[in-house]
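The letter at position 267 of the sequence shown is residue 267 when you use UniProt numbering, and the numbering goes up by one with no holes.
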Amino acid sequence: MKRKKKERSSEIPSNQQPKTKKFKPQPKKPKNSVFVQPKLPKSEEEVSSNWIALQKLLSKENPAKDKAPSSLRLKHKGQKSKTTALKRKEQDEKLKNKNLDRDEDEIWFDDVDAEDIERASGRKIHNASKETVCTSKKDLAVGGFEGLTKRIAMDCEFVGVGRDGKRNMLAHVSVVNSHGCTVYDEYVAPRETVTDYRTAVSGVRSSDLKNAPDFKTVQKEVADMLKGRILIGHAIKNDLQVLFLDHPKKDIRDTAKYKPFHKIAKSQYPSLKKLSQEILHARIQEGEHSSVQDAQAAMRLYILHKRQWEKQIKDKKFKRTQEKDDDS
């Protein structure tokens, strides 16, 4: 019994036992980067050895830089490559050359209304000219940039034959597409003796007709172009007469017969020159006429009023069909 008491007395209570310290891991100190102090080399060997040591150090610190290809490396601000600078210069020169040949006021579109044309140009259209600038190749109509489109405009120049030179004979035919680009422009060899070239008005001279194609060739070529297309012109009946050709009435748009133009020009028989001045603000036919220029002016007049013009034609057709239904 005594031993047990002694053993109990020898036991230390838990409250009085010494506390054990917990181990806290110390944060790792960052390794100091090795810095090589540059020294002036005394010999050629020292120069090469220092350079090799520096290369090794740089490759260790930035391994990705050496692996990246030169084409993917970033350039400093304001630093431009020679190739891009040369390309930009070439592009600027091309644009300048295009603008030299281009009249800013010349805009030709297919199936575009007057409001859209004025928005594109920023102002009203002026000065119809022989050398017409067309739209880009992406915006071309059927037939291509310089080819035939759904709508074409034609104009002819005549010379005088007969005793007094009052009878008309075909001497020059010009056709332009809806972009105003010339698709056909031919002089015609005379079938009779020309008594009056009417050069002051027609612009035709005897030298123009010397090596010109014969009438039948020109007639066939024009007839092929007219098939299935809408023909635009000013007093186009006269042009068709000298060509001895017919065209469906529904496919003719005559700027001389369009009634809204009569109101603008204040005349029942307005000339193309008058309409160009009043509507296009362009001066044409000052001196010798140009069949290309006249065809372009007629096409412009149509394009500017196309929506209203075509709407009137549809309304007339609708009225006719209604009248037929009522009669039946």
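Virtual Cβ for every residue (Gly too), placed ideally from N, Cα, C.
Where residue 235 is concerned, there is no enclosing alpha helix (DSSP H), because DSSP gives it neither an H nor an E. Exclusion of the five residues before and after residue 230 leaves 150, 151, 251, 253 as the residues of its chain whose Cβ lies within less than 7 Å of its Cβ. In the three-state DSSP reduction, residue 158 falls in the strand class (E or B). At a Cβ-Cβ threshold of 8 Å, residue 225 and residue 191 do not count as neighbours. Collapsing the DSSP output to three states places residue 226 in a helix.
Taking C-beta separations shorter than 6 Å and ignoring five residues to either side along the sequence, the partners of residue 165 in its chain run 195, 196, following chain order.
A contact between stretches requires three or more CB pairs, one per stretch, nearer than 8 Å, and the region 257-272 fails this requirement with the region 238-248.
DSSP places residue 262 in the helix class (H, G or I) of the three-state scheme.
Cβ atoms of residue 234 and residue 298 come within 8 Å of each other, at about 5 Å. Secondary structure at residue 170: strand, using DSSP grouped into helix, strand and coil. About 5 Å separates the beta carbon of residue 176 from that of residue 295, a gap short enough to meet the 8 Å contact definition. A residue is called buried when at least 16 other Cβ atoms come within 10 angstroms of its Cβ; residue 227 does not meet this threshold and is exposed. Residues 265 of the same chain have their beta carbon placed closer than 6 Å to that of residue 274, with the five preceding and five following residues left out of the count. Taking the CA atoms as reference points, residue 277 sits about 21 Å from residue 200. Contact between residue 187 and residue 153 is absent: CB atoms are separated by about 19 Å, not below the 8 Å threshold.
About 12 Å separates the CB atoms of residue 202 and residue 173; that is not less than 8 Å, and the two are not in contact. Per DSSP, residue 294 is one residue of the alpha helix (DSSP H) stretching across 291-304.
DSSP places residue 252 within a strand segment (E or B) once states are collapsed to three.
CA-to-CA, the gap between residue 209 and residue 219 works out to about 16 Å.
Judged by DSSP secondary structure, residue 199 falls within the alpha helix (DSSP H) whose first and last residues are 199-202. When rounded, the separation of the alpha-carbon atoms in residue 146 and residue 179 is 9 Å. Nearest C-alpha to residue 193 among 238, 271, 171: 171. In this structure, DSSP gives residue 88 a helical state, which the three-state scheme calls helix.
The beta carbons of residue 239 and residue 156 sit closer together than 8 Å.
Per the DSSP secondary-structure output, residue 175 pairs in a beta bridge with 154, 184. Ranked by how close their Cα comes to the Cα of residue 148, the residues 167, 163, 162, 184 have 184 in first place. For residue 204, same chain residues with a beta-carbon under 8 Å away, outside a window of 5 residues either side, are 157, 159, 171, 172, 187, 197, 198 in chain order.
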